[in-house]
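Numbering (this note's numbering), first residue to last: 89 to 141.
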């Protein structure tokens with residue numbers, strides 16, 4: 089299992105969830121180095137992510 093931070097209402101939270109590879113494939117996963125502002129929102133209009141792989 090790997091740790092991931094959950095996004096709620098467009099903001100990256102400090103809540104960490106752990107997903108197995110099988111569970112992870114059901115979600116969109118953004119790059120860990122994506123820029124966030126002080127409110128936890130992405131600073132770029134688009135972010136690189138993966139899904140089902």
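Where is the CB? At the ideal position from N, CA and C, for every residue including glycine. Predicted, not measured: the structure shown is a model, and the values here were computed from it.
Query: Can you check whether the CB of residue 140 is closer than 8 Å to the CB of residue 113?; Result: yes
Query: Determine which residues share a DSSP beta bridge with residue 104 and list them.; Result: 93
Query: Please determine, among 89, 91 and 95, the residue with the shortest C-alpha to C-alpha distance to residue 127.; Result: 95
Query: Flag this pair as yes or no: are the beta carbons of residue 118 and residue 104 separated by less than 8 Å?; Result: no
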